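Worksheet: one structure, shown below.
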Amino acid sequence: MLIEIIINRITAAITTGLDIKDWLIIVSILLIYAAISIPMGLKTGCLIITPLPKGWPKKILSMIRVLIIPVIPEELLFRVILLPHPFIEKASEMQWMIIAILVLAVFIFYHPVLALTVFPPGYPTFLDPIFLAYAGLLGLACTIAYRITGSFWGIAFIHWLIDWLWIYYLGGRTKLAKYDLL
């Protein structure tokens with residue numbers, strides 16, 4: 140039963156495409172995220188503008204690397220598998236919101252656990268309250284996009300763009316210096 144639910148959720152999320160309205164929602168969510176996070180990050184020093192990797196091959200490899208890890212596994216787990224699919228499952232708005240809040244809390248808590256276990260380069264950044272606020276805002280943005288679109292592709296794009304820009308253009312690479320990020 141559980142395996143069937145997981146397979147149905149993954150199948151539905153991956154096969155749900157995005158139309159123009161969905162892309163407008165995704166762009167709007169990204170603009171709201173940027174309007175909140177960039178001023179806060181520049182003011183606190185959490186975000187620092189840094190040069191991109193030199194050469195197109197490194198830029199393309201860096202984009203692919205961020206998509207493969209962490210974006211795809213995190214979005215599959217924290218949105219697609221753990222949340223009821225908005226179009227195929229019958230969860231009330233209240234049920235969906237309660238589950239979404241719990242999953243968002245787990246997503247935020249997962250980052251410090253990751254840094255203290257399997258991803259030591261994330262220490263101490265992944266324990267920083269400002270970073271965790273960014274992670275929470277990212278999780279919220281992806282959760283809202285998933286609720287509206289039901290598509291894995293939209294949430295993967297949001298998460299990928301935000302992570303890639305943070306790692307390679309807004310100082311994340313220096314905060315994770317012990318990790319080879321290209």
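Each residue of the sequence shown is one higher than the one before, counting from 140 in our numbering. Just so you know, even glycine gets a beta-carbon here, dropped at the ideal spot from N, CA and C. All figures in this text were calculated on a predicted structure; none of them were measured in a lab.
Host alpha helix (DSSP H) of residue i (start-end)
i	result
residue 210	Careful: residue 210 lies outside any alpha helix (DSSP H) and carries neither H nor E.
residue 252	232 to 255
residue 140	From DSSP, residue 140 is part of no alpha helix (DSSP H); its letter is neither H nor E.
residue 161	159 to 183
residue 302	291 to 308
residue 314	311 to 314
residue 262	It is not in any alpha helix (DSSP H) - residue 262 carries neither H nor E in the DSSP assignment.
residue 286	268 to 288
For residue j and residue i, believed in contact at Cβ under 8 Å, the rounded distance
i	j	result
residue 266	residue 274	At roughly 11 Å, the Cβ-Cβ gap does not stay under 8 Å, so residue 266 and residue 274 are not in contact.
residue 331	residue 186	Any question about residue 331 goes unanswered here, given that the chain covers just 140 to 321.
residue 288	residue 157	6 Å
residue 228	residue 291	Not a contact, Cβ separation roughly 15 Å.
residue 278	residue 247	7 Å
residue 283	residue 168	6 Å
Exposure of residue i, with buried meaning 16 or more beta-carbon neighbours within 10 Å
i	result
residue 280	buried
residue 328	Here the chain covers residues 140 to 321 and nothing more, so residue 328 does not appear.
residue 316	exposed
residue 231	exposed
residue 311	buried
residue 176	buried
residue 199	exposed
residue 314	buried
residue 257	exposed
residue 294	buried
residue 210	buried
residue 173	exposed
residue 150	exposed
Cβ shell of residue i (< 6 Å), same chain only, five flanking positions each side left out
i	result
residue 251	265 and 266
Closest residue to residue i among the options (Cα-Cα distance)
i	options	result
residue 222	297, 285, 313 and 293	285
residue 296	164, 149, 233 and 249	164
residue 218	269, 238, 195 and 161	238
residue 242	212, 224, 216 and 172	216
residue 148	271, 259 and 225	225
residue 129	194, 168, 268 and 208	Any answer about residue 129 is impossible in this case: the structure gives the chain only from 140 up to 321.
residue 298	262, 203 and 234	203
Residue i at chain D interface by Cβ criterion, 8 Å
i	result
residue 303	Among the protein chains of the structure shown there is no chain D, as only one such chain exists.
Cβ shell of residue i (< 8 Å), same chain only, five flanking positions each side left out
i	result
residue 245	217 and 221
Same chain, Cβ closer than 7 Å to residue i, five either side skipped, listed in chain order
i	result
residue 153	291
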